[in-house]
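K.L.:
Numbering (my numbering), first residue to last: 207 to 572. Just so it is clear, CB atoms sit at the ideal spot from N, CA and C, and this is done for glycine as well. Mind having a look at this structure? Questions to follow.
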């Protein structure tokens with residue numbers, strides 16, 4: 207036990223270095239910080255070694271629940287915040303029929319500052335506001351969280367009970383530009399865990415409960431030998447006029463450079479030099495069961511485009527001037543819906559950060 211306590215105290219020191227709680231817009235924060243991706247910045251202690259006792263803490267007065275219906279999160283449009291509910295709100299209301307815990311899928315997100323829910327009354331409504339998070343929870347060693355903390359859960363509610371709650375259920379992809387950094391991180395974590403549990407709850411071989419994982423995806427910006435053009439493609443399912451970096455799931459036995467090389471050749475026919483593959487950043491992506499986007503740069507060796515299959519509708523080399531216009535449109539929240547100019551994904555996508563970082567760092571040198 208003494209060794210466990212020492213180990214946990216070391217973990218507490220690490221937890222003190224977890225991200226600050228940012229209430230600024232995730233769209234603007236990503237646009238201003240090239241090495242910050244949406245869904246990053248989660249300040250919770252995930253309590254991985256304590257998850258077996260979820261049933262014992264859902265009724266705790268300091269538990270708070272983020273509610274989903276068919277993976278759409280409950281949102282307050284007026285406050286522009288997700289709705290956090292107590293156990294009493296959900297399971298002890300006067301509404302009939304009564305909702306029970308057994309009727310819901312409940313996953314533990316972690317423990318952290320109550321400021322995430324109880325936004326301080328003196329907090330100014332500005333984009334720059336942030337609060338340092340340096341709480342050291344003793345919840346694994348004691349029976350109670352500290353008074354300054356909540357225990358955070360995500361919950362999937364049956365459709366027949368969903369309309370009894372006040373708020374609007376919105377798909378996270380469309381909601382993301384309205385969220386703060388912290389809200390995006392927690393909504394993303396909740397969605398990924400609930401989708402995983404719905405799809406892969408038990409091991410197909412032994413039947414035991416499975417643990418959620420993230421599938422690695424290599425996403426690469428390929429740079430032309432002249433350093434004036436980059437390779438971008440689009441699928442038929444993309445929004446009109448949008449192009450992005452080439453990406454694909456990593457396969458067993460592959461290194462990151464090998465995955466980049468294979469995916470780029472399969473989709474575009476372009477051959478890259480694997481020795482030039484450079485890691486840029488990563489982004490948790492809470493869709494399709496949860497993915498980890500691994501952003502990289504690579505240099506092309508053979509620059510002739512050949513679409514080997516139908517995965518891409520189009521793939522082209524775009525000039526520096528093209529990219530400048532595409533970045534500008536992607537960052538314009540008020541862009542006319544009828545605008546037919548080319549664009550890249552918005553700043554909340556790691557593809558945008560890869561492209562804009564290449565543009566800003568190389569343009570300044572020419």
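So, at 7 Å on beta carbons, what are the nonlocal neighbours of residue 529 in its own chain, with the 5 sequence-adjacent residues on each side left out?
P.N.:
Within the chain shown, residue 529 is the residue found at index 323, counting from 1. Cβ neighbours of residue 529 beyond the five flanking positions: 436, 561 and 565.
K.L.:
Assign residue 440 to one of three DSSP states: helix, strand, or coil.
P.N.:
In the chain shown, residue 440 corresponds to position 234, counting from 1. Residue 440: strand per DSSP, three-state reduction.
K.L.:
I need the straight-line Cα distance from residue 320 to residue 232, nearest angstrom please.
P.N.:
Taking the chain shown and counting its residues from 1, one reaches residue 320 at position 114. Taking the chain shown and counting its residues from 1, one reaches residue 232 at position 26. Taking the straight line from one Cα to the other gives about 20 Å.
K.L.:
Run through DSSP, which three-state label would residue 562 get?
P.N.:
Locating residue 562 in the chain shown gives position 356, counting from the first residue. Helix, per DSSP.
K.L.:
For residue 327, I'd like the list of residues in its chain whose CB is within less than 8 Å of its CB, leaving aside the five on either flank, ordered along the chain.
P.N.:
For the purposes of this step, residue 327 is taken as the residue at position 121 of the chain shown. Here the model assigns residue 327 a pLDDT of 47, short of 50, so the residue's position is not dependable, and the following value carries that caveat. Correct list: empty, nothing qualifies.
K.L.:
Who are the near neighbours of residue 533 in its chain, counting only those whose CB is closer than 6 Å to its CB and skipping five residues on each side?
P.N.:
Residue mapping note: residue 533 aligns to position 327 of the chain shown, counting from 1. Hits under 6 Å: 562.
K.L.:
So, does the region 272-280 touch the region 349-361, judging by three or more C-beta pairs under 8 Å?
P.N.:
yes
K.L.:
What does a CB cutoff of less than 7 Å around residue 442 pick up in its chain, not counting 5 residues either side in sequence?
P.N.:
Along the chain shown, read from residue 1 onward, the residue named residue 442 stands at position 236. Here residue 442 has 519 as same chain residues with Cβ atoms under 7 Å from its own Cβ, once five neighbours each way along the sequence are excluded.
K.L.:
Any idea which residues DSSP pairs residue 520 with across the strands?
P.N.:
The sequence position of residue 520 within the chain shown is 314, counting from 1. Answer is 440, bridged to residue 520.
K.L.:
Could you round the C-beta distance between residue 539 and residue 501 to whole angstroms and report it? I think they count as a contact, below 8 Å.
P.N.:
Numbered from 1 along the chain shown, position 333 holds the residue referred to as residue 539. Numbered from 1 along the chain shown, position 295 holds the residue referred to as residue 501. Between residue 501 and residue 539 the Cβ distance is about 23 Å, and since that is not below 8 Å, they are no contact.
K.L.:
Mapping DSSP to helix, strand and coil, what is residue 320?
P.N.:
Looking up residue 320 in the chain shown gives position 114. Looking at residue 320 - three-state DSSP - the assignment turns out to be helix.
K.L.:
Given a cut-off of 8 Å on the beta-carbon distance, is the pair residue 278 and residue 376 in contact?
P.N.:
Taking the first residue of the chain shown as position 1, residue 278 is located at position 72. Taking the first residue of the chain shown as position 1, residue 376 is located at position 170. Yes, they are a contact pair.
K.L.:
Would you identify the three-state DSSP class for residue 374, choosing helix, strand or coil?
P.N.:
Indexing the chain shown from 1 puts residue 374 at position 168. DSSP places residue 374 in strand when its eight states are reduced to three.
K.L.:
Report the residue ranges of all alpha helix (DSSP H) runs contained in full by the region 437-486; include only those spanning at least 4 residues, in chain order.
P.N.:
You should have 462-474.
K.L.:
Let me make sure I understand the geometry here. Which of 425, 433 and 431 has the alpha-carbon closest to that of residue 439?
P.N.:
On the chain shown, position 233 is the one that residue 439 refers to. Ranked by how close their Cα comes to the Cα of residue 439, the residues 425, 433 and 431 have 425 in first place.
K.L.:
Alpha carbons only, please: which of 248, 315, 515 and 369 is nearest the one belonging to residue 305?
P.N.:
Residue numbering aside, residue 305 sits at position 99 when the chain shown is read from its first letter. Put simply, of 248, 315, 515 and 369 the residue whose alpha carbon is nearest the alpha carbon of residue 305 is 369.
K.L.:
Going by C-alpha distance, which of 388, 523, 444 and 552 is nearest residue 248?
P.N.:
For the purposes of this step, residue 248 is identified with residue 42 of the chain shown, where counting begins at 1. Comparing Cα-Cα distances from residue 248 to each of 388, 523, 444 and 552, the minimum goes to 388.
K.L.:
In chain order, what residues of the same chain lie with their CB nearer than 8 Å to the CB of residue 381, ignoring the 5 residues before and after it?
P.N.:
Counting from one through the chain shown, the residue named residue 381 turns up at place 175. Contacts found: 279, 281 and 393.
K.L.:
What separation, rounded to the nearest whole angstrom, lies between the Cα atoms of residue 504 and residue 466?
P.N.:
For the purposes of this step, residue 504 is taken as the residue at position 298 of the chain shown. For the purposes of this step, residue 466 is taken as the residue at position 260 of the chain shown. Using only the alpha carbons, I get a separation of about 8 Å.
K.L.:
Is it true that the CB of residue 471 sits closer than 8 Å to the CB of residue 477?
P.N.:
Walking along the chain shown from the start, residue 477 turns up at place 271. Walking along the chain shown from the start, residue 471 turns up at place 265. Yes. Within cutoff.
K.L.:
Rounded to whole angstroms, what is the Cα-Cα separation between residue 287 and residue 372?
P.N.:
For the purposes of this step, residue 287 is taken as residue 81 along the chain shown, with counting starting at 1. For the purposes of this step, residue 372 is taken as residue 166 along the chain shown, with counting starting at 1. Computed Cα separation, rounded: 13 Å.
K.L.:
Considering only the alpha carbon of each residue, which of 250, 405 and 422 lies closest to residue 311?
P.N.:
Here the question's residue 311 lines up with position 105 in the chain shown. Nearest C-alpha to residue 311: 405.
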